[in-house]
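The next block holds one structure in the form of structure tokens; read it before the comments.
In the working numbering, the protein residues as written are 14 to 235.
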């Protein structure tokens, strides 16, 4: 009778080769699994960091929206004030056309008109300073975001900021042009009425109120 096949040395050698091959496959699979786990942990860390950045960006955008809304309200108020001032100047110009027919009598402007014009000018200067500060803050924040946010997010944020800046610049330009027109009209009225100094035409109380507004504006700029 022949001996059982399990005692054949070739069979044991074949089993040993198969076991070694399986062990190598298991080691490679384990190494690949560990590498993928490390990669997944890195990606998870990056995702958490991006979430934190997105939260910070969302908070900044919310603050920016509030600032833009507030600025629009202030610009609208200033525009309405300038329109009212233009109407007042137009009425005064119509009154000045009849000065010669009143035997050279001087028609003084009302004290409230001077005070209102000066407050409008100070308010325009304050709005311009606030817009300039807001523009600088946006530019600084854009520089900080370049290294922290994905390129596609940076493009979207920059586009939004550029649109906001363009809107603010247009509003500032309109406000500046209206302010210049108002200054020219005010200077022309003062020249036509031979007003050498505003402080010589206003009462002491009005002068003190205007100087107080001016001092407040200088403190605000500092």
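No residue lacks a Cβ here, since even glycine has one placed at the ideal position from N, Cα and C.
### Task
Look at the alpha carbon of residue 176 and the alpha carbon of residue 143, and state the distance between them as a whole number of angstroms.
In this structure, the CA atom of residue 176 is about 18 Å from the CA atom of residue 143.
### Message
Quick check: what's the CA-CA separation for residue 51 versus residue 44?
### Response
11 Å
### Task
Measure the CB-CB distance between residue 148 and residue 178 and report whether it falls below 8 Å.
yes
### Task
Flag this pair as yes or no: are the beta carbons of residue 88 and residue 188 separated by less than 8 Å?
yes
### Message
Using CA atoms only, rank isn't needed, just tell me which of 94, 152, 84, 154 is closest to residue 134.
### Response
94
### Query
Are residue 137 and residue 91 closer than 8 Å when you measure CB to CB?
yes
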